[in-house]
Each structure stands twice: as structure tokens, then as C-alpha cells.
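Number of protein chains: 2
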Amino acid sequence: MERIGFVGLGIMGAPMARNLVAAGYELTFHNRSRRELDGATGVGTARAVAERSDIVITMLPDSPDVEDVVLGADGVAEGLRSGGLLVDMSTVAPATARRVHAALAERGVDALDAPVSGGEAAACSGELSIMVGGSEQAVERARPLFDVLGKATTYVGPPGAGQVTKAANQVVVALTIQAVAEALLLARASGVDPARVREALLGGFAQSKVLEAHGQRMLDGAFDPGFRAALHRKDLGIALQSAREQHVPLLATAQAAELFNALIAQGDGDRDHSALALVYERMLR
Amino acid sequence: MERIGFVGLGIMGAPMARNLVAAGYELTFHNRSRRELDGATGVGTARAVAERSDIVITMLPDSPDVEDVVLGADGVAEGLRSGGLLVDMSTVAPATARRVHAALAERGVDALDAPVSGGEAAACSGELSIMVGGSEQAVERARPLFDVLGKATTYVGPPGAGQVTKAANQVVVALTIQAVAEALLLARASGVDPARVREALLGGFAQSKVLEAHGQRMLDGAFDPGFRAALHRKDLGIALQSAREQHVPLLATAQAAELFNALIAQGDGDRDHSALALVYERMLR
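Here the protein sequences come in this chain order: D and E.
The first sequence: position 81 = 81 (our numbering), numbered continuously.
The second sequence: position 248 = 533 (our numbering), numbered continuously.
Shown next as C-alpha cells:
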């Protein structure tokens, strides 16, 4: 069994690491907040994690964190031996993923970008959806780990492809949230029960998981996360940055990102992303 | 069995009328283009249809057509006796539906607004989704007809509520099309196979019927209608008009409507609404 390293024991990382320990892996971890993890060994730096591991998993907040933890001083790159593998499961810019991949390749270290969707609940139950970019060989090597952490692993292509897929996912989810918010607002403002409208629409071509789950959240005003609006805004920033690099005009995504800005400015960045509906309601007051 | 009148034998109306005849209803119809219908009786005016019917169904292109055919000279209102019922299954403005309802109520005639979704295929197979506004009594009276024409009838509320629901439906579908178009464009521009991205996204929270069906259309460049872009633009106009009347800011819907304007200006109003993706592709040339 390969020795696993884990850097980043946040809301997502901690339950993922726990699932790997429970599956019998020898696991070394590092974490800024010096959190403990039963059955695993904590060390002081990402480099020390990598020195004791064959495969290192990182689960960090944003692109600069990944660049720093992997390529910075006392980072993963300094500790992993040739033949090692980095699996970055953070959601970061595709450009960051490609940069990390190229820098590690020079040292004979392979890398995968493998962001996830499903949130904390899926991280705990080992039912994440995992979107992977990198070499097919490396994916096969990491597959036993993915099988512990997730219920569906999709290999999408070369380095960065996993992050591009995640960005596309976040674009679709954000715009569908906005679609449902506008539709239910129109119904209510027109004197029609939005619960019946949601019900009617679920039976037809307007059906989506977002209409089902977040449509209900909007009806109930139930905006405890879930997935925090501020994180979705960060992910849309990644999509827009990638689009800018490719000169692709994402008109609707840009507008949705601005509405998330408003929601965050209103002090609700820590609420569920479906709280985007509140920005509309507040425009009416 | 009640005697049925039918006005408007277009792409949708013709198969709907045929299904009613096949179900054994005595049917009188009127149609601008003087089309024939086996087993039914054609007459020269909407008034003549109404004079021979207990329930009149209208299936017409737009709000002015319905106002004209129902309330105009030689219209349905002049022919229906007190106790009659108008079922308008066109997609029109909620304000039009309420106006028609009020005008007929003065004559002792009941009315339902009962727009449909599902398109020509569902009209032919009798599997439309029907969203109904009006009195519950009138809905019960019309239910045997709805059971012939559709697979799901949802009663949503008072006069106009059916049209509000249809408008909300068209908002969600248009914005989800735009979401899928932006996501797949971002993937392709970033060098990632959009077919794999669609597949990965279908397994998670970004899932929708639109991603499934129209995502595939975009991958194949298969834009034969389906549902014509020009008609969807008309429906978004209804949503935006209703929103304006209620002072509700539908930011994303307004943007999507403008992109449909571009598609129509480019000569593609008769292609499927999923051809909205072409507007994005053409921005890149």
C-alpha cells in the first residue's frame, strides 16, 4: 500500500483524510491549524509530509495556497522523491494546475488536478464526484484513493482539465441558481404561489437538481450552508480568469459573479450560494 | 360528452385537435389557413365555432391573436352561450389571460389559461405538460380534455397563473441553455473535450434536462427545431413585460433575450433555441 501524505485538514480535507485512515492507509499530514487526526502522524511542514509519502494529496482554499504549499519554501516539491505523485484536490485556476504539473515534471514527480464536487456531506460519506486532469497512468495509480473518497471519478483530459471541468460545473450551477431565483421571484411578484410553480416546472424541461434543492431552499428561506456564497464567487473568479485568458466572453457568468459580490457586500458571503435570491429580494425594497 | 370547438390548427393545434377527435369528441374548428381535419367540421369564423360548442380551445401564436380571436369581431365571445368555457392553451401575457377571463365572465362564460410545454412531439403523442390558471371548477370540467392532450396537468392558481408559470418555465429554460453554452464554450476554448465535461457535469449538482438534451445538441451542432428560437424570444418578452408591470428586475432574463435578438438578427430565428450557443461562437470570429 502506498504511503499517503495529506496537506490541508479543513472542512473538506479532514473527513477525506479520516476516510483514508479508516481504509487502512498509513497517513502523514500537515495543517496550519495544528489539528489532530486519530491514527495519523502530524508533522511541521508540507516538505516533511512529502518526505514520508509516496502520494501527497492537497486540499487547500485557493490557487496561491497551492502554489505556496507545493512550490514554495519547505513545500511538497522539495520533499517528494522522483516517482512520487501529487494529487491536488483543491479548486484552483487551470493555469495554476498546469504550472504545478510542469514544475513537478522537471523533478520526475507526476501530478493530477482532481477537484471535487458534493460538499462536506459527500466528503464525510466518501461520495464525492471527482474530475481529474493529468496522465491516464497517474489516474490509475490514484484510483484506489479516489474509490475511497468518491462515488464517481471522471477522467477528462490533460493537466488542468479537471480544473476546467470544475469551473464549467460552477458556471452551470451559479447560472441555474440565478435562473431559479428570477423565475420564482417573477411568480411571487405576479401573485402566483412559487411552490406550485417549482412543482410544475420540475415535471418538465426546466427540471434541474438546482431547481429541486435550491428552489426549495429559496421557498423556505433556508440559507445555512451548504456551499458558501463566498467560495462560489471565488470559483466564478477562476472561470472568468480562464475565460479572459482564452478571450471567451462569459456574459452571464460575469453578471452572476457581480451579484455574488453584492451578496457578499451585504454581509451574507457565509450563507449558502442559493442566498443569491436575497439580492433580488433586496432590490425590491 | 361536451361539444368541442378548436381555433388554431398550427404545428401544435393540429395534432391536439386530432387527438380529441380520436378520443371521440365532436369537434368544430376554424383556422386561417383553411386546413382540413378528418372527422371534424370546419367553419368560417371563431364565432361560428363557438356557436356549435360547449367548450372552445384556442391555440394561437401570440397575445394579440388571442385578444382578436376571442374578443374581436366574429370572435369566440360572440358565439359562446352563458355556461360555456374557453380554454386558451396559447402562450400569451398573463395580463391578456386576465383580460380575456374578465371580459368573458361578464357574459357568464368561464375561462382557463392553460399553456403547455413539451413541443410538437408531446402534442402528437398526447403527452403535453399543462399549467392551468382559473377556477378549480373549470379545471375539473376541462380535465377529461387535458387527460387526452397531456400527461401532467398542474393547477397553479387564479386566472393568469398558468401563463405566469409558463413564463417562469421559459425563463429557467433560456437561462439554463445560456449556462450550458457558456460552460461548454469555456471547456472547448480551454482545450478540454466538451463531451467529457457534459458527461462529468450530468453526474453532479449541475445536472439538468437542458444539459442532457441541449448540451448534446450543442456538441453535435444539431439545431433543427425542436422549439424555435424566435418563439422562445417571444416568450421571454412576455416574462419581461410581466416583470416590468410588477417592477421586478430580471437581469439575466433581459440579457438572454438580447442574445436571442442577436441570434434572430443573424438569420437563425427558425433554428432550435439551443442555437443560442452559436451567438457565442460567432463572437469569437
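C-beta atoms are modelled at their ideal positions from N, C-alpha and C, and glycine is treated no differently.
So, is residue i buried or exposed, given that buried needs 16 or more other C-beta atoms within 10 angstroms?
i: Ser475 of chain E; result: buried
i: Leu397 of chain E; result: buried
i: Arg228 of chain D; result: buried
i: Gln422 of chain E; result: exposed
i: Ala485 of chain E; result: buried
i: Leu548 of chain E; result: buried
i: Pro349 of chain E; result: exposed
i: Asp557 of chain E; result: buried
i: His247 of chain D; result: exposed
i: Ala387 of chain E; result: exposed
i: Gly500 of chain E; result: buried
i: Ala406 of chain E; result: exposed
i: Gly105 of chain D; result: The sequence given here has Ala at residue 105 of chain D, not Gly. Its Cβ having fewer than 16 others within 10 Å, Ala105 of chain D is exposed.
i: Asp432 of chain E; result: exposed
i: Met301 of chain E; result: buried
i: Asp235 of chain D; result: buried
i: Gly445 of chain E; result: buried
i: Ala358 of chain E; result: exposed
i: Arg320 of chain E; result: exposed
i: Ser125 of chain D; result: exposed
Run down chain E in chain order and give the residues with a C-beta less than 7 Å from the C-beta of residue i.
i: Asn169 of chain D; result: Leu486, Gly489 and Ala491
i: Gln255 of chain D; result: Leu536, Ala537 and Gln540
i: Ala183 of chain D; result: Ala453, Val456 and Val457
Short check: CB of residue i to CB of residue j, under 8 Å?
i: Gly226 of chain D; j: Gly119 of chain D; result: yes
i: Met297 of chain E; j: Thr343 of chain E; result: no
i: Gln255 of chain D; j: Leu536 of chain E; result: yes
i: Thr438 of chain E; j: Arg428 of chain E; result: yes
i: Val173 of chain D; j: Ala453 of chain E; result: no
i: Thr96 of chain D; j: Val66 of chain D; result: yes
i: Ala335 of chain E; j: Gly368 of chain E; result: no
i: Thr253 of chain D; j: Ala239 of chain D; result: yes
i: Leu345 of chain E; j: Gly419 of chain E; result: no
i: Met416 of chain E; j: Ala466 of chain E; result: no
i: Val361 of chain E; j: Val354 of chain E; result: yes
i: Ala257 of chain D; j: Arg282 of chain D; result: no
i: Thr376 of chain E; j: Lys494 of chain E; result: no
i: Gln463 of chain E; j: Leu175 of chain D; result: yes
i: Gly447 of chain E; j: Ala491 of chain E; result: no
i: Arg47 of chain D; j: Arg3 of chain D; result: no
i: Val449 of chain E; j: Pro534 of chain E; result: no
Quick one: which chain D residues come within Cβ less than 8 Å of residue i?
i: Gly403 of chain E; result: Gly204 and Phe205
Under 7 Å between beta-carbons, which chain D residues line up against residue i? List them in chain order, please.
i: Gln463 of chain E; result: Leu175 and Ala252
i: Met568 of chain E; result: Pro249
i: Ala446 of chain E; result: Val192
i: Leu294 of chain E; result: The contacting residues do not exist; Leu294 of chain E stays about 24 Å from chain D at best.
Identify the contact partners of residue i in chain E, using a Cβ-Cβ distance below 8 Å as the criterion.
i: Gly157 of chain D; result: Gly476, Val477, Asp478 and Arg481
i: Ser129 of chain D; result: Ala485, Gly488 and Gly489
If I'm right that residue i touches residue j with Cβ under 8 Å, what's the distance once you round it to whole angstroms?
i: Val385 of chain E; j: Val192 of chain D; result: Contact flag wrong, Cβ pair sits at about 17 Å.
i: Asp555 of chain E; j: Ala498 of chain E; result: At roughly 19 Å, the Cβ-Cβ gap does not stay under 8 Å, so Asp555 of chain E and Ala498 of chain E are not in contact.
i: Leu186 of chain D; j: Ser527 of chain E; result: 6 Å
Given that residue i touches chain D, what residues does it touch there, using C-beta distances under 9 Å?
i: Leu548 of chain E; result: Those do not exist, as Leu548 of chain E stays about 13 Å from chain D at its closest Cβ, beyond 9 Å.
Closer than 7 Å to a non-hydrogen atom of the ligand HEM - does that hold for the CB of residue i?
i: Val139 of chain D; result: Looking at this structure, you won't find the ligand HEM or any other ligand, since it has none at all.
So residue i contacts chain E; which residues on that side make the cut at Cβ distance below 9 Å?
i: Leu276 of chain D; result: Neighbours of Leu276 of chain D on chain E: none; closest Cβ ~11 Å, over 9 Å.
Query raised in the report: If you measure beta-carbon to beta-carbon, which residues of the region 88-111 of chain D are closer than 8 Å to chain E?
Result: Pro94
**Report entry** Where the region 472-484 of chain E meets chain D: residues whose CB sits under 8 Å from a CB there
**Finding:** Ala472, Ala474, Ser475, Gly476, Val477, Asp478, Arg481, Val482 and Glu484
Report task. Report the residues of the region 419-440 of chain E with a CB closer than 7 Å to any CB of chain D, ordered along the chain. Result -> Here the close residues are Ala437 and Thr439.
Query - Proximal residues, the region 341-361 of chain E versus chain D, C-beta separation under 8 Å - result: none
Report task. Compile a chain-ordered list of the residues in the region 507-539 of chain E whose CB is closer than 8 Å to at least one CB of chain D. Result -> Those would be Ala524, Ser527, Ala528, Gln531, His532, Val533, Pro534, Leu535, Leu536, Ala537 and Thr538, in chain order.
Report task. Please name the residues in the region 308-337 of chain E whose beta-carbon is closer than 7 Å to at least one beta-carbon of chain D, in chain order. Result -> Shown here is that no member of the region 308-337 of chain E has a Cβ falling below 7 Å from a Cβ of chain D.
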